[in-house]
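A short write-up of the structure that comes next.
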Amino acid sequence: MSEFDFLSRIPLGQYIPTNSIIHRLDPRAKIIIFGVLLIAITFTPSQLGLSIGIAALLLALLLSKVPIGFALKGLLVPLPFLLIIAIIQVFFYSSALDPNILIKLGKLNITSGGLLAGVMLLIRFAGLILCLSLVSFVTSTSELLHGLTKILSPLNRVGIQTMDFVMIVQVTLRFLPFLAQSAERIAKAQASRGSDWGQKRKGLFNRIRQVIPMIIPLFITSLRRSENLALAMDARAYGVLKYRSSMTELHFSFRDGLAVLISVVVSLAVFFA
185 MSEFDFLSRI
195 PLGQYIPTNS
205 IIHRLDPRAK
215 IIIFGVLLIA
225 ITFTPSQLGL
235 SIGIAALLLA
245 LLLSKVPIGF
255 ALKGLLVPLP
265 FLLIIAIIQV
275 FFYSSALDPN
285 ILIKLGKLNI
295 TSGGLLAGVM
305 LLIRFAGLIL
315 CLSLVSFVTS
325 TSELLHGLTK
335 ILSPLNRVGI
345 QTMDFVMIVQ
355 VTLRFLPFLA
365 QSAERIAKAQ
375 ASRGSDWGQK
385 RKGLFNRIRQ
395 VIPMIIPLFI
405 TSLRRSENLA
415 LAMDARAYGV
425 LKYRSSMTEL
435 HFSFRDGLAV
445 LISVVVSLAV
455 FFA
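Residue 237 in my numbering is what sits at position 53 of the sequence shown, and the numbering runs on without skipping anything.
Structural data, given as structure tokens:
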């Protein structure tokens, strides 16, 4: 991988068109499918339920025809933070809940229950990241926008404006690839001026020292992009109309309903297993 290839390191937010059976589903169906799976994986209390949820996500990944290596690459960026959270869970798991102490380090005890809780926490967060990534892999930004708008449209009848929420989701998903591309351009510009971006530095502090000069230009670029976005929204009279129409018509078919039903059954199995 190139030292400047930042975009490929952040799969989340990237749409991968493969014309799979999951890609052809209605956007509302895809949002509901991965939404209920996300909730089930988040709140399932059992190892069996978590295993079923991860297996369902891997099956969806295979059906989507998205390269497995590319999808799992999205777990590498947050992996250090996930490991830190899991280690904290292992060390601070209450030994009163599990008297089976494996290792005793002063006042800190590592128990079998703590290890299991740490592993479950690591797998749970990995599953959540994979689930969110799958949504972006199989749903384009425009489809996601139309799907969320249709799903949340009943809330408009009770006075809750959902248009701003949908816009926030859309801007967030588009901002991640923009940040990666901006970081890539800044790194290349700095390397052309004599920076050692092309050389891999060993050690965490050396890597941090290498990234620090890029933070301020990236921050300024992000602010400029946000300002241009605000001006474009004002020029198009965003927020003037209370309700907006759409040129895209969504059609919820029997196949979509069947897929949603299967996902609900699987999610119930994940939660109650």
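Yeah, the Cβ is synthetic: ideal placement off N, Cα and C, and Gly gets one too.
Taken through DSSP and simplified to helix, strand or coil, Ile400 comes out as helix.
Cβ neighbours of Cys315 within its own chain (closer than 8 Å, five residues either side excluded): Phe218, Leu221, Leu222, Ile225 and Leu241. For Gln354, the closest of Leu336, Ile272 and Leu328 by C-alpha to C-alpha distance is Leu328. The DSSP-derived three-state label of Thr228 is coil. Counting only unbroken stretches of 4 or more residues, the alpha helix (DSSP H) elements lying wholly within the region 243 to 322 are 252 to 257, 263 to 275 and 296 to 322, in sequence order. With contacts defined as CB atoms closer than 9 Å, Phe265 and Gly298 fail to qualify as a contacting pair.
Counting the other Cβ atoms within 10 Å of the Cβ of Pro361 gives 16 or more, which makes it buried. Residue range Thr325 to Leu336 is occupied by the alpha helix (DSSP H) that includes Thr333. Within the model, the alpha-carbon separation for Met398 versus Pro211 is close to 37 Å. For the options Val424, Gly233, Pro251 and Ala213, the alpha carbon positioned closest to that of Gln198 is the one of Pro251. Measuring C-alpha to C-alpha distances from Leu256 to each of Ile238, His330, Phe227 and Arg369 identifies Ile238 as the nearest. Distance between Val274 and Lys288, taken at the CA atoms: about 12 Å. Its Cα nearest to that of Lys334, the residue Ile215 stands out among Thr202, Ile215, Glu411 and Ser447. A straight line joining the alpha-carbon of Ser230 with that of Thr295 spans about 18 Å. By the CB criterion at 9 Å, Gly233 and Phe455 fall inside the cutoff. Sequence-distant Cβ neighbours of Ser324 in its own chain, meaning closer than 6 Å and more than five residues away, are Tyr199. Residue state for Phe455 is assigned as helix, using DSSP reduced to three classes.
Secondary structure note for Ser366: its alpha helix (DSSP H) is the uninterrupted segment Met347 to Ser376.
In the three-state scheme derived from DSSP, where H, G and I count as helix and E and B as strand, Ala421 is classed as coil. Cβ contact annotation for Phe227 (same chain, cutoff 8 Å, sequence separation greater than five): Phe455, in chain order. The C-beta distance from Ile206 to Val322 rounds to 5 Å, short enough to fall under 8 Å.
About 7 Å separates the beta carbon of Val350 from that of Leu336, a gap short enough to meet the 8 Å contact definition. Of the candidates Leu306, Pro401 and Asp348, the residue whose Cα lies closest to the Cα of Glu368 is Pro401. Under the 10 Å beta carbon count, Leu407 is surrounded by fewer than 16 other beta carbons and is classified as exposed.
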